[in-house]
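Residue numbers (my numbering): 1 to 357. Glycine included, C-beta positions come from ideal geometry on N, C-alpha and C. Note sheet for the following structure.
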């Protein structure tokens with residue numbers, strides 16, 4: 001197993017390099033850029049140049065080619081390109097960027113007075129918190145519900161719960177989030193929950209139990225919106241896994257020996273049926289983190305990594321943009337490795353190393 005882990009870790013290097021290269025190349029041909037943003041500010045506010053002083057970074061971005069620069073002093077354009085590091089060839093900028101990223105040196109933000117690694121460190125716990133809570137609650141709902149549906153397969157309970165699951169899967173999480181805000185966050189009806197943020201004003205002065213309660217109170221709506229779509233697939237996976245095991249010969253034999261249905265279900269079927277469900281936990285977490293958190297963070301104004309990256313795209317803040325891509329990609333690949341290792345732990349019959357993976 002050690003050799004397999006080493007190979008997978010080494011494979012992360014070229015994969016990560018390739019993903020960053022593709023994104024860097026796309027940015028080079030994308031319209032707009034930080035220089036364009038500053039030029040637009042200069043045309044409307046002569047003091048914009050002073051606000052970006054000291055924000056130089058030589059590791060990201062693309063060369064500024066903008067029609068908005070026409071009529072401006074070329075010296076100012078050259079100064080901006082030098083300040084943002086765009087006076088170097090793209091290949092040199094990319095290699096310099098990757099060299100710094102190896103040590104997690106993402107440089108300073110173009111438009112925020114802080115280092116990118118500091119901003120990511122502030123926002124990452126929010127995104128991870130949303131992902132973990134959503135995954136845990138989804139499992140707590142889906143496993144018992146999936147088992148019950150398997151036991152009651154074809155019954156009225158199975159039929160109407162399947163209808164609820166299909167409806168939940170069909171409703172996008174961001175639309176459900178908006179509905180929750182309208183109904184429960186002062187939109188048109190009730191005002192039971194806060195509209196934005198993960199904590200209330202003055203949270204640092206609360207007692208520890210008040211801090212926990214306030215944090216959980218703020219989580220109710222965003223987590224509910226994320227769970228509504230996350231539990232559907234997992235519930236059906238659990239049901240189908242149990243149905244597959246229930247119909248096997250060893251279950252028939254156990255029943256023939258006189259074992260109670262509960263003992264057959266939870267002492268024999270459960271252990272085998274839950275292998276794929278448990279092993280899929282890391283993958284479920286990373287899928288929720290990548291696909292659901294961005295829009296939820298935007299809707300509920302949660303200062304997570306998804307919102308940070310979204311704002312960076314809008315503002316052409318390339319150090320933040322590339323830094324968040326780097327972190328997300330690294331987390332995704334490490335979680336994929338953890339998923340494969342989990343499969344090997346819960347089911348010794350699976351041996352990726354023997355297959356030359």
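(message) Suppose contacts are defined by Cβ-Cβ distances below 8 Å. Is residue 110 in contact with residue 319 by that definition?
(response) yes
(request) Enumerate, from N- to C-terminal direction, the unbroken beta strand (DSSP E) stretches of 3 or more residues contained entirely within the segment 169-231. (result) none
(request) Give me the Cα-Cα distance between residue 131 and residue 168, rounded to the nearest whole angstrom. (result) Approximately 18 Å between the Cα atoms of the pair.
(request) Would you check if the distance between the CB atom of residue 269 and the CB atom of residue 242 is smaller than 8 Å? (result) yes
(request) Under 8 Å by Cβ, that's how I've got residue 227 and residue 193 pegged, so tell me the actual separation to the nearest angstrom. (result) Going by Cβ atoms, the distance from residue 227 to residue 193 rounds to 15 Å, so no, they are not a contact pair.
(message) Do residue 165 and residue 236 have their beta-carbon atoms positioned less than 8 Å apart in this structure?
(response) The beta carbons of residue 236 and residue 165 sit closer together than 8 Å.
(request) Would you please state the rounded distance, in angstroms, between the beta carbons of residue 186 and residue 218? I believe it to be under 8 Å. (result) Going by Cβ atoms, the distance from residue 186 to residue 218 rounds to 14 Å, so no, they are not a contact pair.
(request) Could you tell me the distance, in whole angstroms, from the CA atom of residue 65 to the CA atom of residue 207? (result) Legend: pLDDT at residue 65 = 44, less than 50; position of this residue unreliable, no value from coordinates given.
(request) Would you mind listing the alpha helix (DSSP H) stretches within the segment 114-175 that are 4+ residues and don't spill past its ends, in chain order? (result) The segment 114-175 contains these whole alpha helix (DSSP H) runs: 116-151 and 156-170.
(request) Could you check the C-alpha separation between residue 75 and residue 306 for me, to the nearest Å? (result) Distance from the CA of residue 75 to the CA of residue 306, rounded to the nearest whole angstrom, comes to 36 Å.
(message) Would residue 339 and residue 34 qualify as a contact pair, given that the criterion is a beta-carbon distance under 8 Å?
(response) no
(message) For residue 178 and residue 299, I'd like the C-alpha separation in whole angstroms.
(response) 8 Å
(message) Checking 8 Å against the spacing of the C-beta atoms, do residue 114 and residue 239 come in under that value?
(response) no
(request) Would you mind sorting residue 229 into buried or exposed? The rule is 16 or more other CB atoms within 10 Å of its CB. (result) buried
(request) Locate the alpha helix (DSSP H) running through residue 303, then write down its first and last residues. (result) Here residue 303 belongs to no alpha helix (DSSP H), and DSSP marks it neither H nor E.
(request) Using three-state DSSP, classify residue 89 as helix, strand or coil. (result) coil
(message) From the DSSP secondary-structure annotation, give me the bridge partner or partners of residue 108.
(response) 115
(message) Using C-beta distances below 6 Å, list every residue in its chain close to residue 200, excluding the 5 sequence neighbours before and after it, in chain order.
(response) 214
(message) So, for residue 231: in the same chain, excluding its five sequence neighbours on each side, which residues have a beta-carbon less than 6 Å away from its beta-carbon?
(response) 138, 141 and 142
(message) Taking the straight line between their C-alpha atoms, what separation do you get for residue 245 and residue 256?
(response) 16 Å
(request) Mind checking which residues open and close the alpha helix (DSSP H) that includes residue 1? (result) First-last for residue 1: undefined, no H or E at that position.
(request) Check whether the Cβ atoms of residue 120 and residue 327 lie closer than 8 Å to each other. (result) yes
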